[in-house]
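In the working numbering, the protein residues as written are 46 to 554.
We put the CB at the ideal spot given by N, CA and C, even for glycine.
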Amino acid sequence: MDDEPDLAEPLLLGWLASVHLDAHYTRAEGDHLYRLDEQGREVAVVDFAGGYGSTLLGHNHPEIVALARDLLANGVPVHAQFSRHPYARDLASALNRVLRREHGDDEPYSVIFANSGAEAIEAAVKHAELDRVLKVGALRESIAANVEAARAAVADGTAVADGDFEALAARVDEVNAERAATRPVLFALEGGFHGKLVGSVQLTHNAAYRNPFGALGVTTRFVAKDDLASLPKLFDEERVDLLDLEVRDGRVVPVPRPLPVFCAFAVEPVQGEGGIRVLDERSARLIRTACDEVDCPVLVDEVQSGMGRTGTFLASSAVGLRGDYYALAKSLGGGVAKTAVMLARASRYRGEFELVHSSTFAKDAFSTTIALKVLELLEADGGALYRRATERGERITAALRAVREEFPDVVVDVRGRGLMLGLEFADQSGSAHAAIREHNAGGTLGYAIAGLLLRRHRVRTFPTASAPNTLRFEPSVFIGDAEVDQLAEGLRDAAAVLRAADGEALLGS
Ligand code: F0G
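Written out as C-alpha cells, the structure reads:
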C-alpha cells in the first residue's frame, strides 16, 4: 500500500508533517488518543482538541460503545427512510424538554435531522428562506386583494384615484414585481464560523474559506461585535418596501409595506474556530432586539458550544439569547455517531419544509438512539455533567491563568466558558528567531506550538484556524487533574521557548 500514491489529501498531510502533527492514532479512549512508538508500544496522548468539541463524553464512552454494539448486534434499521421513526420523535421530545427548562417557557421547537454541523446550518438557512419566500407571497396576495378592492371602490364611485387608476395599479404591480425579487439578506458576526458547505460557507467570516465560493451563494453582511448597537441602522439600509393601495376618506392612496427581506442573523454564543470569543449579554440583547424589530430570525449556532460544553445545555441560555433556530451537532453523536439537528421554533415552523428537504443518512435509528443516550447521560442527576463541565472549566482556566501570570510577555489572554477555552499567545513578529517570525507572519505559529506540545508533552490541541495564535482546549467532562497539569507544563515549556526565541526547540529541528 505504501508504494501507491497517497490520494487522500496528501498536501494537508505534508503540511501537518512540517510541524510534526502528522501522528497516526491507533486507539482512542476517554481523553486519550494512542499512538505506537518505534518499538510498537502504545503512547498515550491527552486530547484537548476533542474533535473540535465532539467528545464532551470522551472518545468511545463505554456506555455509548455498548449501546452501539447492541444496536448493531440486534440489527438496528439504519436505512429505513420514509417510515415511522419513533426514536427520532423521542429525541425531538427529549430536546424540547431541555429547551423548555432552559427557555423557561413551553414554545416547542420542531426538529429537522442532519449529519453534520454545516448541514444543520444549511437546513436552518433553507427553512428561514422558505419562511421568508412564503411571507413575501402572502404579502403580494394581500396587496393584490387591496388593489382589487380599490378598483371596485373606484368603479362604484366610492373612491377616486389621482389620475388613471389602471395606470396606478399597473405601476404598483411593476414596482412590486421588481422589489419582491430582492435577494435575501443574511447577517453574521465577524469571526463567525458556520461551516464550509456551499451555503454555510457564505456565513463563515474567514475570507480564505469563503471568498473562492462567493459566486455560488448569497451575500452575508458581517458585523463586528463592537458595532452591534448600529444594527438598526444597518437593517434600515437593507429595508425594501412594496407598494400597497388603500382607500382612505374616498381617495386611493399608495401605502408602503415592508418586504420580508431578512433571511437570518447567524451567531455563535461562543465563537470556536474564530478564537474562543464569548458573546456577552449586552451583545445578545442588541441582536435579539434589532432582529425582532425587522422580523429577522436569529440562528443560534450551538454546533460547538452546545450540548452542555459551557455548563448549560445551550451556551446561549447563559446570556439570555433566544434563538428562532438552533443548530446542534458534534457531541450530539456521543463521539461515535455522526448526527446533527436543526431546531425551528413553532411560531416560524413551516411543515411543508419536510417535503422539500431530506438527507439519506439523517434521522437514522443508529445515530438518533445514540443521541438519545447522550442526552440521558447529560441530564442524569439533575444535570451533574453540566455542573462538572463548569467545575472542570474553572480548573483548567486557573491553570491557564497561572501560565499567563508566569509569562505575561508571551501569553496575552485566557478566555472562554466551561470546557470551551482558549489561550492566546502574543504576536511574535518581533521574535529574535526568523523561523518564529515567519510562522507568526504565516498564521501557523499556533500549529508550531501544537507540534511542540505533541512532540515534547504528548498533549494534542490546535489553534483556532481564524485566530492562529490562540490554542483551544475542549476536553471531555471527565478530564483529570493530572492531564490538566500535563497541559499546563507543556504550555509553560512553549512559553519559555517563545520567550527565549528558541526556534530550534519550537520546530523540533
Ligand atoms: N458551526 C460551528 C460553530 C462549528 O464550530 C463548526 C465546525 C460547524 C458549524 C460545522 O460543523 O464540521 O460538522 O460541518 N467547527 C470545526 C472547528 C470545523 O474547527 O471548530 P461540521
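Whole-angstrom distance between residue j and residue i, CA atom to CA atom
| i | j | result |
| --- | --- | --- |
| Ala193 | Glu174 | Going by the sequence as given, residue 193 is Glu instead of Ala. For Glu193 and Glu174, the distance between alpha carbons rounds to 29 Å. |
| Glu402 | Leu388 | One detail in the question is off: residue 402 reads as His in this sequence, not Glu. His402 and Leu388: Cα-Cα distance of roughly 14 Å. |
| Val243 | Ala274 | 30 Å |
| Asp76 | Arg501 | 18 Å |
| Arg86 | Ala546 | 34 Å |
| Thr203 | Arg296 | 8 Å |
| Ala252 | Gln84 | 44 Å |
| Arg129 | Val156 | 15 Å |
| His478 | Arg503 | 25 Å |
| Leu516 | Ser362 | 25 Å |
| Arg177 | Val300 | 21 Å |
| Arg440 | Glu519 | 13 Å |
| Ala139 | Glu347 | 17 Å |
| Gly428 | Val90 | 29 Å |
| Asp286 | Arg302 | 5 Å |
| Arg185 | Thr227 | 14 Å |
| Thr489 | Pro277 | 38 Å |
| Arg437 | Gly317 | 18 Å |
| Glu549 | Pro342 | 51 Å |
| Asp122 | Leu430 | Note on residue identity: the sequence assigns Pro, not Asp, to residue 122. When rounded, the distance between both Cα atoms is 30 Å. |
| Asp201 | Arg293 | 15 Å |
| Leu66 | Ala510 | 15 Å |
| Arg266 | Val339 | 16 Å |
| Ile481 | Gln349 | 30 Å |
| Leu288 | Val217 | 6 Å |
| Phe210 | Glu223 | 20 Å |
| Tyr492 | Gly98 | 18 Å |
| Val345 | Tyr370 | 6 Å |
| Val323 | Gly351 | 13 Å |
| Tyr254 | Ala189 | 43 Å |
Distance cut-off 7 Å: residue i Cβ against heavy atoms of ligand 1
| i | result |
| --- | --- |
| Val323 | no |
| Val312 | no |
| Phe238 | yes |
| Gly149 | no |
| Ser161 | yes |
| Tyr371 | no |
| Ile415 | no |
| Gly262 | no |
| Gln247 | no |
| Asp346 | yes |
| Tyr254 | no |
| Ala527 | no |
| Glu318 | yes |
| Ala374 | yes |
| Ala510 | yes |
| Gln531 | no |
| Ile166 | yes |
| Gln84 | no |
Buried/exposed call for residue i, threshold 16 Cβ in 10 Å
| i | result |
| --- | --- |
| His69 | exposed |
| Pro305 | buried |
| Leu514 | In the sequence as presented, Leu is not what sits at residue 514; that position holds Asn. Classification of Asn514: buried, given that the 10 Å Cβ count is 16 or more. |
| Arg72 | exposed |
| Asn37 | No answer is possible for residue 37: the residues shown for the chain start at 46 and end at 554. |
| Arg462 | buried |
| Phe127 | exposed |
| His124 | exposed |
| Asn256 | exposed |
| Thr249 | buried |
| Gly353 | buried |
| Asp47 | exposed |
Check your understanding: Counting pairs of beta carbons, one from the segment 376–393 and one from the segment 160–173, are three or more of them closer than 8 Å?
Key -> yes
Review point. Is the number of C-beta pairs between the segment 364–378 and the segment 303–323 that are closer than 8 Å three or more?
Key: yes
Practice item. Decide if the segment 373–380 is in contact with the segment 410–421; the criterion is three or more beta carbon pairs, one per stretch, under 8 Å apart. Key: yes
Check your understanding: Would you call the segment 390–399 and the segment 407–415 touching, i.e. three or more CB-CB distances under 8 Å?
Key -> no
Practice item. Report yes or no: do the segment 261–269 and the segment 229–248 share at least 3 C-beta pairs separated by less than 8 Å? Key: yes
Review point. Taking three-plus beta-carbon pairs below 8 Å as touching, is the segment 85–101 in contact with the segment 55–65?
Key: no
Practice item. Evaluate contact between the segment 520–536 and the segment 97–104, counting only Cβ atoms and requiring at least three cross-stretch pairs below 8 Å. Key: yes
Exercise for review: Specify whether the segment 447–465 and the segment 536–544 touch according to this definition: at least 3 beta carbon pairs, one from each stretch, less than 8 Å apart.
Suggested key: yes
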